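Novice: Sharing a structure, written as structure tokens. Questions coming.
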Amino acid sequence: MSSVTTRRGSGISFRTKVSPMKVNDDNGHRRRSWRVVGAALAAVVLFCGALTGCGKGGGKSVSEGEGGMQKLTIGMSVNDVVFASVYVADELGFFEKEGLEVDLRPFKGGSALQAAFASGDIEVAGIGASSAIRANAAVNQDIKFIMSFQAGVPYDVIVSKRIKSWQDLKGKAIAITKPGSQTELITRALLEQNGLDPDKDVTMISTGGDAEQTAALKTGSADATVVSAASKHLIKVADGRLLQASEDITVPMQTNGLGVTQDILDEHPDVAKKTVRALMRAAAAMHDPEQEKAVKDAFEKGLGESDPKTQQEWWDYVSSDPERIFPVAGDIDKDGVANVLKLVEETEPKAADLSPHDVVDDSIIRGEAKLARSLEKK
185 MSSVTTRRGS GISFRTKVSP MKVNDDNGHR RRSWRVVGAA LAAVVLFCGA
235 LTGCGKGGGK SVSEGEGGMQ KLTIGMSVND VVFASVYVAD ELGFFEKEGL
285 EVDLRPFKGG SALQAAFASG DIEVAGIGAS SAIRANAAVN QDIKFIMSFQ
335 AGVPYDVIVS KRIKSWQDLK GKAIAITKPG SQTELITRAL LEQNGLDPDK
385 DVTMISTGGD AEQTAALKTG SADATVVSAA SKHLIKVADG RLLQASEDIT
435 VPMQTNGLGV TQDILDEHPD VAKKTVRALM RAAAAMHDPE QEKAVKDAFE
485 KGLGESDPKT QQEWWDYVSS DPERIFPVAG DIDKDGVANV LKLVEETEPK
535 AADLSPHDVV DDSIIRGEAK LARSLEKK
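Take any residue in the sequence shown, count from 1 to its spot, add 184: that is its number in our numbering.
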């Protein structure tokens with residue numbers, strides 16, 4: 185059993201007992217979840233209803249721990265290898281080295297994470313740039329994207345064997361996770377880059393995560409989809425072929441990284457800085473052959489993946505390209521953010537009022553450039 189502290193705006197901390205269990209997320213990966221004891225949770229809800237600090241912007245995810253440690257809850261929009269650096273930083277002790285005691289909370293998609301940001305339960309998270317933009321645009325949340333986990337698009341485009349080119353997809357169905365998702369934005373961008381109109385030339389169907397997308401391809405209900413570049417075996421599972429590999433995608437797009445609320449930057453800038461430093465060390469570990477076993481252990485303990493073949497596949501991915509996959513410096517592609525803004529605007533008009541400056545704050549990664557360079561040299 186473990187205890188989790190939820191701290192509300194009133195400064196009062198509630199402690200509840202939780203027990204870990206393994207469940208499957210939308211992408212078919214096993215993850216750690218938490219079962220909250222009903223009586224304790226009910227007490228929290230009753231107390232919260234009586235406090236004026238509860239609700240949007242009222243919660244805080246940072247509290248003081250023992251021995252000068254700072255407790256921090258970190259969310260992830262999905263429990264997936266694209267956020268591997270968060271788990272590696274936890275399992276290899278890099279958060280602890282920075283004086284942080286973290287509780288990792290994966291969600292089932294960007295929408296669920298946005299709701300947690302809105303309630304104040306989460307203020308630091310691994311998140312897609314598109315989700316951060318939607319949160320800022322749709323419900324006026326002030327979330328800043330402060331570090332990149334991938335430079336470029338971490339997805340492969342796979343198609344049925346009868347599809348030989350992008351033009352062959354005209355009139356066909358393409359599987360995405362759901363409307364407004366990162367998979368939809370990437371699909372739209374690639375279609376436009378290849379001369380197709382995503383609203384007229386193809387039909388997008390919502391299927392769910394990687395497993396459901398590949399099943400749609402295998403059964404013939406879709407002829408194309410974009411899936412995690414870390415899972416090459418999905419091409420065989422889908423009985424398909426690779427149309428365009430992640431490393432060959434040139435469309436500018438900022439995908440996953442670290443997002444924090446403006447309140448964290450204003451009230452706890454040290455926490456944001458410590459989190460970035462820990463994630464830089466994790467990225468360096470994922471590019472160090474001597475750390476292969478430790479990183480694979482993190483895959484198993486954090487992401488719940490015990491299959492040696494999948495662990496090897498994920499290791500091959502995260503260690504493959506230090507400049508593109510988990511770059512230590514965490515540089516943010518501002519042109520990519522601008523492009524994501526335009527794509528989000530197609531379905532969320534309020535995004536037109538935002539600029540990359542409203543979404544990005546790279547002051548911490550710039551301030552930690554010396555640490556990044558020293559880690560890259562090792």
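Positions of the beta carbon are idealized from the N, C-alpha and C atoms, including for glycine. In this text the structure is predicted, and so the values were computed from the model without any measurement.
Alpha carbon to alpha carbon, what distance is there between residue 436 and residue 519?
Specialist: Here residue 519 corresponds to residue number 335 of the sequence shown, with the count starting at 1. Here residue 436 corresponds to residue number 252 of the sequence shown, with the count starting at 1. Looking at the two C-alpha atoms, the distance is approximately 6 Å.
Novice: Work out the CA separation of residue 307 and residue 286 for me, nearest whole Å.
Specialist: By one-based count along the sequence shown, residue 286 stands at place 102. By one-based count along the sequence shown, residue 307 stands at place 123. Going by the C-alpha atoms only, they are around 13 Å apart.
Novice: Can the beta-carbon of residue 369 be found less than 9 Å from the beta-carbon of residue 350?
Specialist: Position 185 of the sequence shown holds residue 369. Position 166 of the sequence shown holds residue 350. Not closer than 9 Å, so no.
Novice: With a threshold of 8 Å on Cβ separation, who are the neighbours of residue 325 within its own chain once the five nearest residues in sequence on each side are excluded?
Specialist: Against the sequence shown, residue 325 aligns to sequence position 141. Same-chain partners within the cutoff: 298, 301, 302, 319, 445.
Novice: Determine the extent of the alpha helix (DSSP H) in which residue 523 is found, giving its start and end residues.
Specialist: The count along the sequence shown starts at 1 and reaches residue 523 at position 339. Run containing residue 523: 518-529, per the alpha helix (DSSP H) assignment.
Novice: Along the chain, where does the beta strand (DSSP E) containing residue 328 start, and where does it finish?
Specialist: The residue labelled residue 328 in the question sits at position 144 within the sequence shown. 327-332 is the span of the beta strand (DSSP E), which, as asked, contains residue 328.
Novice: Residue 285 bridges to which residues according to DSSP?
Specialist: Along the sequence shown, read from residue 1 onward, the residue named residue 285 stands at position 101. Per the DSSP secondary-structure output, residue 285 pairs in a beta bridge with 255.
Novice: Distance, Cα to Cα, residue 495 vs residue 275?
Specialist: Taking the first residue of the sequence shown as 1, we reach residue 495 at position 311. Taking the first residue of the sequence shown as 1, we reach residue 275 at position 91. Distance between the alpha carbons of residue 495 and residue 275: 15 Å.
Novice: Who are the Cβ neighbours of residue 507 in its own chain at under 7 Å, not counting the five residues just before and after it?
Specialist: Counted from its first residue, the sequence shown places residue 507 at position 323. Only 335 meet the Cβ criterion.
Novice: Going by Cα to Cα distance, which pick from 284, 261, 377 is closest to residue 253?
Specialist: As a working mapping, residue 253 is identified with position 69 in the sequence shown. That would be 284, whose Cα lies nearest to the Cα of residue 253.
Novice: Cutting at 8 Å between CB atoms, please list the residues of its own chain near residue 484, excluding the five before and the five after it.
Specialist: Translated into the one-based positions of the sequence shown, residue 484 becomes position 300. Result list for residue 484: 490, 495, in chain order.
Novice: Which residue from 366, 399, 401, 353 puts its Cα closest to that of residue 384?
Specialist: Taking the sequence shown and counting its residues from 1, the one referred to as residue 384 is at position 200. Out of 366, 399, 401, 353, 353 has the C-alpha closest to the C-alpha of residue 384.
Novice: Using the Cβ count rule (16 or more neighbours within 10 Å means buried), how would you classify residue 465?
Specialist: One-based indexing of the sequence shown puts residue 465 at position 281. Per the 10 Å Cβ criterion, buried.
Novice: Check the C-beta distance from residue 245 over to residue 294 and give it rounded, since I have them as a contact under 8 Å.
Specialist: On the sequence shown, position 61 is the one that residue 245 refers to. On the sequence shown, position 110 is the one that residue 294 refers to. Their Cβ separation, rounded to whole angstroms, is 18 Å, which puts residue 245 and residue 294 out of contact at 8 Å.
Novice: Alpha carbon to alpha carbon, what distance is there between residue 548 and residue 453?
Specialist: Here residue 453 is taken as the residue at index 269 of the sequence shown, counted from 1. Here residue 548 is taken as the residue at index 364 of the sequence shown, counted from 1. One C-alpha to the other measures close to 9 Å.
Novice: Of the choices 401, 414, 546, 486, whose alpha-carbon is the least far from that of residue 422?
Specialist: Locating residue 422 in the sequence shown gives position 238, counting from the first residue. Looking at the Cα atoms, 401 is the closest of the given residues.
Novice: For residue 412, write down the residues that DSSP places opposite it in a beta bridge.
Specialist: Position 228 of the sequence shown, counting from 1, holds the residue named residue 412. Per DSSP, 339.
Novice: May I have the straight-line CA-CA distance separating residue 479 from residue 503, to the nearest angstrom?
Specialist: Along the sequence shown, read from residue 1 onward, the residue named residue 479 stands at position 295. Along the sequence shown, read from residue 1 onward, the residue named residue 503 stands at position 319. When rounded, the distance between both Cα atoms is 10 Å.
Novice: Residue 279 and residue 406: beta carbons closer than 9 Å?
Specialist: Taking the first residue of the sequence shown as 1, we reach residue 279 at position 95. Taking the first residue of the sequence shown as 1, we reach residue 406 at position 222. For residue 279 and residue 406, no; Cβs fall outside 9 Å.
Novice: Pick out whichever of 377, 467, 404, 441 has its Cα sitting closest to the Cα of residue 545.
Specialist: Counting from 1 along the sequence shown, the entry for residue 545 is found at position 361. Measuring from the Cα of residue 545, the nearest candidate turns out to be 441.
Novice: For the candidate residues 317, 255, 270, whose alpha-carbon lies nearest to that of residue 534?
Specialist: Within the sequence shown, residue 534 is the residue found at index 350, counting from 1. Checked all of 317, 255, 270; the closest Cα to residue 534 is 317.
Novice: Applying the criterion that 16 or more other CB atoms from any shown protein chain within 10 Å of the CB defines a buried residue, is residue 269 buried or exposed?
Specialist: Walking along the sequence shown from the start, residue 269 turns up at place 85. Around the beta carbon of residue 269, a 10 Å sphere encloses 16 or more other beta carbons of the protein chains shown; the residue is thus reported as buried.
Novice: Please report the residue range of the beta strand (DSSP E) in which residue 391 lies.
Specialist: As a working note, residue 391 is residue 207 in the sequence shown. Here residue 391 belongs to no beta strand (DSSP E), and DSSP marks it neither H nor E.
Novice: Please report how far the alpha carbon of residue 468 lies from the alpha carbon of residue 342, in whole angstroms.
Specialist: The residue labelled residue 468 in the question sits at position 284 within the sequence shown. The residue labelled residue 342 in the question sits at position 158 within the sequence shown. The straight-line gap from Cα to Cα measures roughly 30 Å.
Novice: Just verifying my parser: in three-state terms, what is the DSSP assignment at residue 533?
Specialist: Sequence index remark: in the sequence shown, residue 533 carries index 349 (1-based). Residue 533 falls in the helix class under three-state DSSP.
Novice: Does residue 441 come out as helix, strand or coil in the three-state DSSP assignment?
Specialist: Along the sequence shown, read from residue 1 onward, the residue named residue 441 stands at position 257. In the structure shown, residue 441 sits in a strand (DSSP, three-state: E or B).
Novice: Can you list, in chain order, the residues of its chain whose CB lies under 6 Å from that of residue 511, leaving out five sequence neighbours each side?
Specialist: The residue given as residue 511 occupies position 327 in the sequence shown. So the qualifying residues of the chain are 335.
Novice: Hey, how far is the Cα of residue 387 from the Cα of residue 264?
Specialist: Within the sequence shown, numbered from 1, the residue matching residue 387 stands at position 203. Within the sequence shown, numbered from 1, the residue matching residue 264 stands at position 80. When rounded, the distance between both Cα atoms is 27 Å.
Novice: Nearest-angstrom Cα distance between residue 551 and residue 475?
Specialist: For the purposes of this step, residue 551 is taken as residue 367 along the sequence shown, with counting starting at 1. For the purposes of this step, residue 475 is taken as residue 291 along the sequence shown, with counting starting at 1. Spanning the two alpha carbons is a distance of roughly 26 Å.
Novice: With the cut-off set at 9 Å, would you say residue 531 and residue 364 are in Cβ contact?
Specialist: If you number the sequence shown from 1, residue 531 lands on position 347. If you number the sequence shown from 1, residue 364 lands on position 180. It is a contact, given that the beta carbons lie within the stated cut-off.
Novice: Identify the residues that DSSP records as bridge partners of residue 426: which are they?
Specialist: To locate residue 426, count along the sequence shown from 1; it is residue 242. In DSSP, residue 426 forms a bridge with 342.
Novice: If you compare alpha carbons, which of 395, 553, 456, 529 is closest to residue 255?
Specialist: The sequence position of residue 255 within the sequence shown is 71, counting from 1. Cα-wise, what sits closest to residue 255 is 456.
Novice: DSSP on residue 492, reduced to helix/strand/coil?
Specialist: Counting from 1 along the sequence shown, the entry for residue 492 is found at position 308. Reduced to three states, the DSSP call for residue 492 is helix.
Novice: Please report the straight-line C-alpha distance between residue 521 and residue 434, rounded to a whole angstrom.
Specialist: Within the sequence shown, numbered from 1, the residue matching residue 521 stands at position 337. Within the sequence shown, numbered from 1, the residue matching residue 434 stands at position 250. Rounded to whole angstroms, residue 521 to residue 434 spans 14 Å at the Cα level.
Novice: At the level of alpha carbons, what is the spacing between residue 493 and residue 420?
Specialist: Along the sequence shown, read from residue 1 onward, the residue named residue 493 stands at position 309. Along the sequence shown, read from residue 1 onward, the residue named residue 420 stands at position 236. The alpha-carbon atoms of residue 493 and residue 420 are separated by roughly 14 Å.
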